[in-house]
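Participant: Note that the sequence shown covers residues -13 to 624 in the numbering used here.
Here's a structure for you.
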Amino acid sequence: MGQYTASQRKNVRILLVGDAGVGKTSLILSLVSEEYPEEVPPRAEEITIPANVTPEQVPTNIVDFSSVEQSDDALAAEINKAHVVCIVYAVDDDDSLDRITSHWLPLVRSTCNSADGEPDEARKPIVLVGNKIDLIEYSTIDSVLAIMEDYPEIESCVECSAKTLHNISEMFYYAQKAVLHPTSPLYIMEDQDLTPACKKSLVRIFKICDIDSDNLLNDYELNLFQRRCFNTPLQPQILDEVKSVIQKNVPDGIYNDAVTLKGFLFLHCLFIQRGRNETTWAVLRRFGYNDQLEMCQEYLRPPLKIPPGSSTELSHRGQQFLIAVFERYDRDGDGALSPEEHKMLFSTCPSAPWSYSTDIRKSCPTNDAGWVTLHGWLCRWTLMTLVDVVKTLEYLAYLGFNVHENDSQLVAIHVTRERRIDLAKRQSSRSVYKCHVIGPKGSGKTGLCRGFLIDEMSKLLGKEFKTNVVHCINSVQVYGQEKHLILRDIDVRHALDPLQPQEVNCDVACLVYDASNPRSFEYIARIYIKYYAESKIPVMIVGTKCDLDERRQDYLMQPSEFCEKYKLLPPHLFSLKTNKKELYTKLATMAAFPYLRQFGLMTEDPNVWLKAGLGVAAATVLGFIVLKAISATGTHGR
Ligand code: GTP
Ligand code: MG
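Below is the structure:
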């Protein structure tokens, strides 16, 4: 996780400016040689400090300036190239101090603005350096603090001496820190308060750490937080000290011996005021924020390789995490998320990944009130993971997977092996299948899809389905194993419109005609011949509304003749009224054992069984059981 805890900076470039004779060159040479140089050239060569000897492990370039050797243009160019500018004055020279405000600060500001047109917030960070502290007995810090108030870009100030080496490495450390852990994105000097963006990020972090969501961080949660952010446990006495500091400053920062949100925000304010920005930055980076306090792309969307013919499912760890999140937010423990609980759950995300009111009830199983159950919750995530895995990765990150699990959210995803390997091995390794439901307008596709989600399918009779939610998902048992089946309602715009490849390709196709309408079968017969006759995709023909009078189809063959001709299972007759669910199990079974079609086994002709026996002998007994079961359910309802 180290890559997320450091700033994105690849190097730090520090420029020293200031009046002649204040000791810029001496400071640089003292740092490098660790002794005071009696004789110095006007300008030191640019030096590079390798990453491993800098406190922040970032290679650092230090650049000197000399008015004797360099023009104004050269200075402007160096100011623009630098990440941080140290303005040096000599503590014994009041003129050099006055020149900070009369010359150097305005110069740096105007140089950066005219060059980049950067907004005020993005001003170049400045460190004020008072050199030659060995010469005086007092401090100039009071005058410098007054300047700091007027110039928010000043990150810090330090008094030091090139002669005695006092505060020399500190000075360069502060300069480095001004770049790597800048104050201005976090803190507004004038208000002595955190910036809105920083508060917003810390509120999200607080919620993610608040595992029991009681709006308090107790010792256990604080410890876990500490370990996740800093890889070290929190010493009990430190924990007590932190709590007592909060208590002293903000009385409602502690409640029941636990830290409130207010206390948590105060603590970060305090870190920054004490110059410990790096602590707050470490926390922010651990939770995915970049230097602009946005969630960074690599954190939200780590690259995932999905070979063609593979699909994406939730791994066991992904499921466990989502179950824990669900249980955490099911506050009343009724096994379902109310709209309010659902909203709370996604409050660490920019928005919910789906609409509760228009999506949930229509795409996954819910309880009678239309609230998503734990089962429905996992179904909905399974659906998103199959059709839009990038969105799953993003939302897992928003929900804090990477922090809680101490791992990238990639471990929450299982990429299945390629379909051709499944076919070759005659065994599906998947647990999620996609079924496309295709048929003419009004043939009952949506009813068939929605029927999968509810126990009482007959409730759907005569319903007009207005909002078009494309996918429905639920699970079924296929030989004792839970498999998820996604039904995709393929909207037919016009009878002659061609289907797009992504509308054709699926694990099993369900071609639907209205058995009570004589003009219905022709459409799917054509679809079958055009798209599926030559493909390896298993196909099931379904006649809907079989509770009504079955009509003879105006087509050159009747559906059962058609199925026989193309070696398909006989048409499955379906009705919402009879409330029979075998259809879905049958579809999932066909998807799970696709090679059966390849071997021409999807018939009830006993001779084919024999031929098949040879081919499937190696495919284990399971294959036979499957065939029997399909045959058994295939005859049902006719
Ligand atoms: P320019 O290159 O002319 O802009 O000056 P500079 O800022 O590089 O100053 P430089 O390092 O040349 O130092 C100027 C004088 O101040 C030299 O005589 C140094 O020896 C002296 N000096 C530098 N640092 C210190 C210090 O910390 N204490 C004391 N007492 N003298 C210092
Ligand atoms: Mg010099």
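Think of the CB as a built atom: it goes at the ideal place given N, C-alpha and C, for glycine as much as any other residue.
#1: Based on DSSP bridge pairs, tell me the residues matched to His361.
#2: Using C-beta distances below 6 Å, list every residue in its chain close to Asn491, excluding the 5 sequence neighbours before and after it, in chain order.
#3: Buried or exposed for His302, please, with buried defined as at least 16 other CB atoms from any protein chain shown within 10 angstroms of its CB.
#4: By DSSP, does Leu600 sit in helix, in strand, or in coil?
#5: Taking all protein chains shown into account, do 16 or more other C-beta atoms lie within 10 angstroms of the C-beta of Gly(-12), making it buried, or fewer, making it exposed?
#6: May I ask you to report which of helix, strand or coil DSSP gives Leu2?
#7: Is it the case that the CB of Thr11 approaches a heavy atom of the ligand MG more closely than 7 Å?
#8: Please state whether the Cβ-Cβ distance between Ile73 and Val115 is less than 8 Å.
#9: What beta strand (DSSP E) runs, 3 residues minimum, are completely inside the stretch 444 to 469?
#10: Does DSSP classify Ser142 as helix, strand or coil?
#11: If you draw a straight line from the C-alpha of Tyr541 to the C-alpha of Ser502, how long is it?
#12: Is there at least one non-hydrogen atom of the ligand MG closer than 7 Å to the beta-carbon of Asp674?
#13: Can Leu121 be considered in contact with the ligand GTP, in the sense that its beta carbon sits closer than 7 Å to one or more heavy atoms?
#14: Leaving aside the five residues before and after Lys10 along the sequence, list all residues of the same chain whose C-beta is less than 7 Å from its C-beta, in chain order.
#15: Any heavy atom of the ligand GTP within a distance shorter than 7 Å of the CB on Asn117?
#16: State buried or exposed for His480, treating a residue as buried only when at least 16 other CB atoms are found within 10 Å of its CB.
#17: Quick check on DSSP: helix, strand or coil for His390?
#18: Which ranges would you report for the alpha helix (DSSP H) in the stretch 201 to 234 if only whole runs of at least 4 residues count?
#19: Which residues does DSSP list as the beta-bridge partners of Gly116?
#20: Compute the beta-carbon to beta-carbon distance between Tyr173 and Ile258, rounded to the nearest angstrom, for a pair I have assumed lies under 8 Å.
#21: In whole angstroms, what is the alpha-carbon distance linking Pro580 and Met526?
#22: For Ile292, count neighbouring C-beta atoms within 10 Å of its own C-beta (all shown protein chains included) and say buried if the count is 16 or more, exposed if not.
#23: What span of residues does the beta strand (DSSP E) with Cys492 cover, start to end?
#24: So does the stretch 550 to 564 actually touch the stretch 526 to 540, counting three or more Cβ pairs closer than 8 Å?
#25: Per the DSSP calculation, Arg474 is bridged to which residue(s)?
#26: Between Val49 and the ligand GTP, is there a pair consisting of the residue's CB and a ligand heavy atom that are separated by less than 7 Å?
#27: Taking C-beta to C-beta, are Thr368 and Ile440 nearer than 8 Å?
#28: Residues in its own chain within less than 8 Å of Cys335 by CB, not counting five upstream and five downstream?
#29: What does a CB cutoff of less than 7 Å around His361 pick up in its chain, not counting 5 residues either side in sequence?
#30: Rounded to whole angstroms, how far is the Cβ of Leu562 from the Cβ of Leu446, which I believe are closer than 8 Å?
#31: Between the alpha carbons of Leu253 and Met281, how many angstroms are there, rounded?
#32: Starting from the Cα of Ile86, find the closest Cα among Ile140, Cys98 and Cys255 and give me that residue.
#33: Taking 8 Å as the limit between beta carbons, can you name the residues of its chain near Val113, skipping five residues before and five after?
#34: Are the beta-carbon atoms belonging to Ser417 and His470 less than 8 Å from one another?
#35: Give me the residue from Gln544, Ile513 and Val228 with the minimum Cα distance to Pro426.
#36: Given Asn276, which residues of its chain have a CB within under 7 Å of its CB, disregarding the five upstream and five downstream residues?
Facilitator: Quick look at the numbers:
#1: By one-based count along the sequence shown, residue 361 stands at place 375. Looking at the DSSP assignment, His361 forms no beta bridge with any residue, so it has no partner.
#2: Stepping through the sequence shown from its first residue, residue 491 is reached at position 505. So no residue of the chain qualifies.
#3: Numbered from its first residue, the sequence shown carries residue 302 at position 316. Exposed.
#4: As a first step, residue 600 must be located in the sequence shown, where it is residue number 614. Bear in mind that the predicted position of Leu600 carries a pLDDT of just 33, short of 50, making it too unreliable to give a figure here.
#5: Position 2 of the sequence shown, counting from 1, holds the residue named residue -12. Residue placement at Gly(-12) is flagged as unreliable, the pLDDT there being 40, under the threshold of 50; a coordinate-derived value is accordingly withheld.
#6: Locating residue 2 in the sequence shown gives position 16, where the first residue counts as 1. Looking at Leu2 - three-state DSSP - the assignment turns out to be strand.
#7: Here residue 11 corresponds to residue number 25 of the sequence shown, with the count starting at 1. The answer is yes for Thr11.
#8: Mapped onto the sequence shown, residue 73 falls at position 87. Mapped onto the sequence shown, residue 115 falls at position 129. Contact flag set, yes.
#9: 457 to 464
#10: Stepping through the sequence shown from its first residue, residue 142 is reached at position 156. In this structure, Ser142 counts as strand in the three-state DSSP scheme.
#11: For this step, residue 541 is matched to residue 555 along the sequence shown. For this step, residue 502 is matched to residue 516 along the sequence shown. Roughly 14 Å between the two C-alpha positions.
#12: As displayed, the chain neither begins before -13 nor continues past 624, which places residue 674 out of reach and without an answer.
#13: As a working mapping, residue 121 is identified with position 135 in the sequence shown. True, at least one ligand heavy atom lies under 7 Å from that Cβ.
#14: Counted from its first residue, the sequence shown places residue 10 at position 24. Result list for Lys10: Leu2, Gly4, Asp50, Phe51 and Val74, in chain order.
#15: Locating residue 117 in the sequence shown gives position 131, counting from the first residue. Asn117 Cβ: within cutoff of the ligand GTP.
#16: For the purposes of this step, residue 480 is taken as residue 494 along the sequence shown, with counting starting at 1. His480 should be labelled exposed.
#17: As a working mapping, residue 390 is identified with position 404 in the sequence shown. His390: helix per DSSP, three-state reduction.
#18: 205 to 216
#19: Numbered from its first residue, the sequence shown carries residue 116 at position 130. Paired residue(s): Tyr75 and Glu145.
#20: The residue labelled residue 173 in the question sits at position 187 within the sequence shown. The residue labelled residue 258 in the question sits at position 272 within the sequence shown. Confirmed, Cβ separation roughly 5 Å.
#21: Along the sequence shown, one-based indexing puts residue 580 at 594. Along the sequence shown, one-based indexing puts residue 526 at 540. Going from the Cα of Pro580 to the Cα of Met526 covers about 12 Å.
#22: Taking the sequence shown and counting its residues from 1, the one referred to as residue 292 is at position 306. Exposed, by the Cβ-count rule.
#23: Residue 492 sits at position 506 when you count from the first residue of the sequence shown. Here Cys492 belongs to no beta strand (DSSP E), and DSSP marks it neither H nor E.
#24: yes
#25: One-based indexing of the sequence shown puts residue 474 at position 488. Paired residues: His422 and His457.
#26: Residue mapping note: residue 49 aligns to position 63 of the sequence shown, counting from 1. Checking the Cβ of Val49 against the ligand GTP gives no.
#27: Along the sequence shown, one-based indexing puts residue 368 at 382. Along the sequence shown, one-based indexing puts residue 440 at 454. In this structure, Ile440 does not lie closer than 8 Å to Thr368 by Cβ.
#28: The residue you call residue 335 lines up with position 349 of the sequence shown. Within the same chain, Cys335 has close Cβ partners Tyr381, Tyr384 and Leu385.
#29: Working through the sequence shown from its first residue, we reach residue 361 at position 375. So the qualifying residues of the chain are Pro351.
#30: If you number the sequence shown from 1, residue 562 lands on position 576. If you number the sequence shown from 1, residue 446 lands on position 460. With a Cβ gap of about 5 Å, Leu562 and Leu446 count as contacting.
#31: As a position in the sequence shown, residue 253 is number 267, starting the count at 1. As a position in the sequence shown, residue 281 is number 295, starting the count at 1. Leu253 and Met281: Cα-Cα distance of roughly 22 Å.
#32: If you number the sequence shown from 1, residue 86 lands on position 100. Selected option, being the one with the closest Cα: Ile140.
#33: As a first step, residue 113 is located in the sequence shown; it is residue number 127 there, counting from the start. Excluding sequence neighbours, Val113 sits near Val70, Val71, Cys72, Ile73, Ile140, Glu141, Ser142, Cys143, Val144, Met157, Tyr160, Ala161 and Ala164.
#34: Within the sequence shown, residue 417 is the residue found at index 431, counting from 1. Within the sequence shown, residue 470 is the residue found at index 484, counting from 1. Contact flag set, yes.
#35: Residue mapping note: residue 426 aligns to position 440 of the sequence shown, counting from 1. Checked all of Gln544, Ile513 and Val228; the closest Cα to Pro426 is Ile513.
#36: Translated into positions along the sequence shown, residue 276 becomes position 290. Within the same chain, Asn276 has close Cβ partners Gln(-6) and Cys282.
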